[in-house]
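A short write-up of the structure that comes next.
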Amino acid sequence: MKSLALLLFTINEAIRKGTLLFYAAVATLILLVFALGISSNEANGLITFFGMPIAVQAGKQFDVGQFIIASLHRQSVFWIVVFGVFGAAGLIPSMLEKGTTEIFLSKPLSRTALLLARAAGAAGGIVINILYFSAGIFLVFGLKLGVWQWGLLTAAVALSFTFLCYFSVVTLVGIITRSSGFTVMLALGYTVISWGLEIRQHGLYLLWNNDVYHRVLDALYYLLPQLSAMLTNSSRLVGAVPFANDTSTFSIIPFVWSFGSAALLYAGSVWYFTRQDY
Amino acid sequence: MTALQTFELSKTYRPGAFKRKNILALDKVSLQVEEGEIFGLLGPNGAGKTTFVKVALSMVHPTSGSAIVLGLPLGSVQIRQQSGYLPESHRYPGFLSGFETLMLFGRLSGVPVPLLKTRAGELLERVGLSQWAGMRTKRYSKGMLQRLGLAQALINEPRLLFLDEPTDGVDPIGRKEIRDILLQLKQRGTTIFLNSHLLSEVELLCDRVVILNKGRVLKTGTIAELTAREPVYEIQLASPAPAEVLQELAARTFDVTARDTLLFARVRDVEQLNALVDLLRSRGVAIGSMGLQKTSLEESFISLIQGETAA
Ligand SMILES: Nc1ncnc2c1ncn2[C@@H]1O[C@H](COP(=O)(O)OP(=O)(O)OP(=O)(O)O)[C@@H](O)[C@H]1O
Ligand SMILES: [Mg+2]
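Right, dumping it as structure tokens:
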């Protein structure tokens, strides 16, 4: 009950500070633009965006609507989690500001409950937005193009899960640095780190031809949430992009590994938080 | 019953991994607070008062020693369930109103919501914030925040209340109001643990005090015990006492200090005082008035701390 109160307060804080409302407004705006702008002409197979032709359904080899959805999804997932982190990262250090921590810590909640409820609230607000936006896109494309891509909904769940895993990094950094600025910067830096680790064989490996170094990179890849791999695989749930190079199908492996890493990082945050003096 | 008892509680802060300098904030502090009393913890800046309270509420982990708070070992969530805390620096989410702030912390304390609503209203009334209950705390003044802090500390009707400089930033009328609230609480049986520099206030409120300096307990006792000493009389003379009279007083082992037309006489008893007056009169010294000088807590505090620093 007390933890739930803190979780709801955290979401309320994100709303009252404007971040969540701003995101919801941006999501709604994008949905409206698509809803009003995109249309398909049954007769000539032309798909237009505010009257401008953007694609044409020629023949039956592939579905143009699917092409649009799948490529848009691949391009936007990264930005969705980055914006999400911008909005939520500050909520962890803000509870640790001098004067605020003392009050929260004096209430009868264990530090574990305090931290996890706060993190859940902070990430939860963003997850709600992700689900709302995904459901909206699903409806818009279904109604306007007739493409009922159910994969958008499973991808929304995968993306939410990805965000929760990513947020474990944010939480740990936030609890240690106690600075919103640092946390946001490191969280953004992590997107690059995660991508760099994923393609390490073609990048970081080549920097130094040393076996130990390579094994360390491997270890890091498996120990840290695989943000980049999870994003790619979330998009694969929306189906393939016709004619694209990527022929792989959805794999749950990065999600499984990341679940473990995130659990480890959240446990690490709790461990650190419990041991600190405030 | 004992509300709080510590056994050789010590805390060493180790700031930063790379800095060697450790700070001994509490040095084997053993003290006892009885249920129902108003207990004052006094000490100069940096004495360790705040650290002590934070250890009791498990915000700070002690380095060694132990404590029992409300019959529970340190670290128990149950301690916080039954305590209230007004920290020395406190900030509230600025986007909440005073009323919402109390609702939030009431929920976090596990107070059932229907009960909480009436209680929050009553508390705002009691600390004189009813008028501003709906205003965002971002726009509160320092004194208003302090009052809100007190209300927040009382939201769970604590058995044990920790207050760190409760009247900081509050106007004189507000101070009186807060004192009255604390006395009312005491009447209902709440134990109050007060950290303060304002010795005049401590004098008015506390049953017992402990003086802390550099993390060590210097003195424990009631206000009366701490301020008791040999009586000093202040004798106002019509004109400064002649030097030969002062010499004679000294020769007769009277402990007197002269400052202009004032004589400060430290005497054993009334008899010695009268002997002193007789001697002065017989040497033709005219006495204007005479009174017993009282030591305030502040004076004994200062002399204690200075004595400690000199030693
Ligand atoms: N988090 C901390 N890290 C390192 N040192 C600390 C920390 N908190 C307090 N100290 C140090 O511990 C000592 C005691 O501090 P404390 O705040 O308990 O004193 P205080 O008696 O409350 O002082 P004041 O009257 O100024 O409030 C000081 O030397 C202080 O610098
Ligand atoms: Mg202090």
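Residue numbers (the working numbering), protein chains in the order written: chain A, 139 to 416; chain B, 24 to 334.
Glycine included, each C-beta is placed from N, C-alpha and C at the ideal position.
N-terminal and C-terminal residue of the alpha helix (DSSP H) that Asn371/A is part of: Leu365 to Arg374
By the three-class DSSP mapping on this structure, what secondary structure does Leu222/B have? helix
Check whether Gly151/B and Arg170/B have beta carbons under 8 Å apart: yes
Suppose you measure from the CA of Gly94/B to the CA of Leu208/B; what does that come to, to the nearest Å? 20 Å
Helix, strand or coil for Lys242/B per DSSP? strand
Can you give me, in chain order, the residues of the stretch 214-247 of chain A that have a beta carbon less than 7 Å from any beta carbon in chain B? Glu235, Lys236, Gly237, Thr238, Glu240, Ile241, Leu243, Ser244, Lys245, Pro246 and Leu247
Which residues of the stretch 145-173 of chain A have a Cβ closer than 9 Å to any Cβ of chain B? Give them in chain order. Leu146, Phe147, Asn150, Glu151, Arg154 and Lys155
Under 5 Å, CB to nearest heavy atom of ligand 3: contacting residues: Ligand 3 is absent from the structure shown, which contains only ligand 1 and ligand 2.
Can you tell which of Phe271/A, Thr315/A, Phe279/A and Ile314/A has its C-alpha closest to the C-alpha of Ala294/A? Phe271/A
What whole-angstrom Cβ distance do Phe299/A and Gln287/A have, given they're in contact under 8 Å? Actually they are not in contact, since the Cβ atoms of Phe299/A and Gln287/A sit about 19 Å apart, beyond 8 Å.
If the cut is a Cβ gap below 7 Å, which residues of chain A does Tyr108/B touch? Ser244
In this structure, how does DSSP classify Glu240/A when only helix, strand and coil are distinguished? helix
Using beta carbons (cut-off 8 Å, strictly below), is Leu95/B in contact with chain A? no
Would Ala143/A count as contacting chain B if we go by Cβ distances under 8 Å? yes
Relative to ligand 2, is the shortest distance from any of its heavy atoms to the C-beta of Glu267/B smaller than 7 Å? no
Which bits of chain B does Tyr416/A rub up against, with CB to CB less than 8 Å? Lys77, Met82 and Val83
Contact check, Arg289/B vs Val268/B, beta carbons under 8 Å: no
Secondary structure of Pro96/B, DSSP reduced to three states: strand
Pick from Arg149/B, Leu205/B and Thr213/B that is closest to Leu227/B, judged by C-alpha positions: Leu205/B
Let me confirm a value: Arg282/B is counted as buried when at least 16 other C-beta atoms fall within 10 Å, else exposed. Which label applies? exposed
With a threshold of 8 Å between beta-carbons, can Lys282/A be considered close to chain B, or not? no
So, Val308/A versus Thr321/A, is the Cβ gap smaller than 8 Å? yes
Just checking: is the beta-carbon of Gln169/B within a distance shorter than 8 Å of some beta-carbon in chain A? no
Inter-stretch contact (C-beta, 8 Å, three-pair minimum) for the stretch 298-314 of chain B and the stretch 259-273 of chain B: yes
What does DSSP give as the partner residue(s) for Asp278/B in the beta ladder? Arg289/B
Supposed contact pair Leu297/A and Val215/A - C-beta distance, whole angstroms, cut 8 Å: 6 Å
Tell whether a beta-carbon distance below 8 Å holds between Gly129/B and Arg142/B. yes
Chain A residues whose Cβ lies nearer than 7 Å to that of His113/B: Gly237, Glu240 and Ile241
Closer than 7 Å, Cβ to Cβ, to anything on chain A: give me those residues from the stretch 129-147 of chain B, in chain order. Arg130, Leu131, Ser132 and Gly133
Against Gln104/B, what residues of chain A qualify as contacts under a CB-to-CB distance less than 7 Å, listed in chain order? Pro246
Put Ala255/A into one of helix, strand or coil per three-state DSSP. helix
Determine the DSSP secondary structure at Ile391/A, reduced to helix, strand or coil. helix
Does the Cβ-Cβ distance between Ser386/A and Ala251/A come in under 8 Å? no
With a CB to CB cut of under 7 Å and the five nearest residues on each side skipped, what residues in its chain are close to Lys34/B? Ala48, Leu49, Thr74, Val78, Val83, Pro85 and Thr86
Nearest to Val92/B (by Cα), restricted to the options Ala176/B, Leu184/B and Ser120/B: Leu184/B
Taking all protein chains shown into account, do 16 or more other C-beta atoms lie within 10 angstroms of the C-beta of Pro380/A, making it buried, or fewer, making it exposed? exposed
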